[in-house]
Amino acid sequence: MSHTSINPSTLLAPTPVVLVGCATQAEKANLITVAWVGTVNSKPPMVSVSIQPIRHSYHLIKESGEFTVNLVSRELLHATDFCGVKSGRDMDKFAECNLTAIKAEGLTLAPAVEESPLYLSCKVRESLNLGSHTMFVGEIVHVGVRSDLIDEEGKIHLNKANLVAYAHGNYYGLAERLGFFGYSVARPEVFKRRMEEG
Ligand SMILES: Cc1cc2nc3c(=O)[nH]c(=O)nc-3n(C[C@H](O)[C@H](O)[C@H](O)COP(=O)(O)O)c2cc1C
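Counting along the sequence shown from 1, when you hit position 162 you're at 1157 in the numbering used here, and nothing is skipped either side.
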C-alpha cells in the first residue's frame, strides 16, 4: 500500500489527553485540557506539557513554577472537553464542572482533581519557547493514585480506570488489552498467565 503526502502537521496519534491543574497566590485554581503532553525522562521522572502563551493557565504555570497532570477517565471526559474550550479568565472551571480541587502533595499552589484516577505533582525544571507553544518540563515530585486503583501490595490497576486517549480531534476509550511490555518474547505459558491476571 502506498502513502499519500500531506502537509507536515502534529499527527502523532494517539496522545494522552489530561487535565492540567494550576494556580498562583493571586489567581484561583484553574484547569486546562492538554493533549501535547508526554513522558520525557525516567530518572528523575519528568513530563512535558506544551501550552500556548495566550492561555490563562500559561501565566499561572509560569509564575508558580508548578502544575499537576490529572489523568482522564470516561467519567471525566465531558469536563475535560469543557475545560478545553472555556477559559479560567471567565469562570471557575472546578465549580462549573462539579470537580473537587484537592491539595497536590509536594506542591504549594497547583491543585489536583479528586475525581481523577491518578495525578502527578510537577515542578517546572525547564521551559522552552518552541513557537506556537511553550514546553514546560516538569519533574514529578509526587504521584497520587485513587485508592480503589491500588491493591494492598501496591500494584496499580490502571485497567480499571477507564482511561481516554486523543487522536486527531477525537476521544477514544482504551478498550482492549492486547499485550504487555515484552510480551513478544514471553514464553506462551507466561503470556497466558499474565494476560489472565489483567
Ligand atoms: C482535546 C484538547 C486538547 C488541547 N490541548 C492543548 C494543548 O496541548 N496546549 C494548549 O495550549 N491548549 C490546548 N487545548 C486548548 C486549551 O485547553 C483551551 O484553550 C483552554 O480553554 C485554555 O484554558 P485557560 O484559558 O483557562 O488556560 C486543548 C483543548 C482540547 C479540547
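A virtual CB, placed ideally from N, CA and C, is assigned to each residue, including glycine.
Query raised in the report: Nearest-angstrom Cα distance between N1025 and S1052?
Result: 7 Å
Query raised in the report: With respect to the beta strand (DSSP E) encompassing M1190, which residues constitute its N-terminal and C-terminal limits?
Result: M1190 -> not in any beta strand (DSSP E); alpha helix (DSSP H) instead, spanning P1183 to E1192.
Query raised in the report: In terms of DSSP beta bridges, what is G1139 paired with?
Result: G1139 pairs with Y1114.
Query raised in the report: Short check: CB of H1073 to CB of E1100, under 7 Å?
Result: no
Report task. Leaving out five residues on either side along the sequence, give the residues of the same chain with a beta carbon under 6 Å from the beta carbon of V1032. Result -> The beta carbon of V1032 sits closer than 6 Å to those of P1011, V1013 and V1044, all from its chain and outside the five residues before and after it, given in chain order.
Query raised in the report: When you compare only the Cα positions, how much space is there between A1008 and H1163?
Result: In this model, A1008 and H1163 are separated by some 7 Å (Cα to Cα).
Requested in this report: Using only the heavy atoms of ligand 1, determine whether one of them is closer than 6 Å to the beta carbon of A1018.
Outcome: no
Query raised in the report: Looking at S1068 and L1002, is the spacing between their C-beta atoms short of 7 Å?
Result: The sequence given here has Asn at residue 1002, not Leu. Contact: no.
Query raised in the report: What residue ranges within the stretch 1053-1138 form continuous beta strand (DSSP E) runs of no fewer than 3 residues, ordered along the chain?
Result: 1061-1066, 1096-1098, 1106-1108 and 1113-1124
Query - Contact set for S1142: own chain, Cβ-Cβ below 7 Å, skip 5 residues either direction - result: none
Query raised in the report: Measuring CB to CB, does I1135 end up less than 7 Å from P1048?
Result: no
**Report entry** Buried or exposed (CB count within 10 angstroms, at least 16 for buried), N1036
**Finding:** exposed
Query raised in the report: Does DSSP put N1154 in a helix, a strand or coil?
Result: helix
**Report entry** Short CB-CB distance (under 7 Å) between N1025 and chain D
**Finding:** The chain inventory of the structure shown lacks chain D, comprising one protein chain alone.
Query raised in the report: Among V1159, L1169, G1174 and R1182, which has the Cα closest to the Cα of T1075?
Result: V1159
Report task. In angstroms with no decimal places, state the Cα-to-Cα distance between L1104 and G1193. Result -> If I take the Cα positions, the gap works out to 37 Å.
Query raised in the report: With 16 other CB atoms within 10 Å as the buried threshold, where does N1093 fall?
Result: Answer is exposed; the Cβ neighbour count stays below 16.
**Report entry** Own chain partners of F1186 with C-beta closer than 7 Å, once the 5 adjacent residues on each side are dropped
**Finding:** Y1178
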